[in-house]
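In UniProt numbering, the protein residues as written are 1 to 109.
Quick look at the structure:
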């Protein structure tokens, strides 16, 4: 089934942030966020099996959980659209603190 491509509302910024994620059904995994904007992010996990439309809560290391919906999947990567946009200065801070060229430690559950 083909899904229409919609243009991004905001530029994604490259980051490398450890995160845990949980689906509504209770499945959990650790992974990382590799890009982020006010409206969404790219999440990479090793074992979490999700489908387009799956509701998910992502908890970046050191932050509160952010809820959203899976909008696309490509291998271990999933595009997440946040339910509510992140505050712009928060995205600025995260992109500075977690620049994509920094290593990230991913812990196990």
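Beta carbons: idealized from backbone N, C-alpha and C, even for Gly.
Nearest to residue 16 by C-alpha distance, out of 49, 29, 53 and 61, is 61. Around the CB of residue 37, 16 or more other CB atoms lie within 10 Å, so the residue is classed as buried.
Burial check for residue 78: the Cβ neighbour count within 10 Å reaches 16 or more, so the residue is buried.
Here residue 93 carries a helix assignment [DSSP, helix/strand/coil]. Of the residues 27, 23 and 44, the one whose Cα lies closest to the Cα of residue 75 is 44.
With fewer than three CB-CB distances shorter than 8 Å, the region 44-58 does not count as touching the region 85-99. Per the coordinates, the alpha-carbon of residue 58 lies some 16 Å from the alpha-carbon of residue 73. Residue 81 and residue 31 do not touch by the CB rule: their CB atoms are close to 17 Å apart, not below 8 Å. If you draw a 10 Å sphere on the C-beta of residue 51, you find fewer than 16 other C-beta atoms in it, and that means exposed. In this structure, DSSP gives residue 88 a helical state, which the three-state scheme calls helix.
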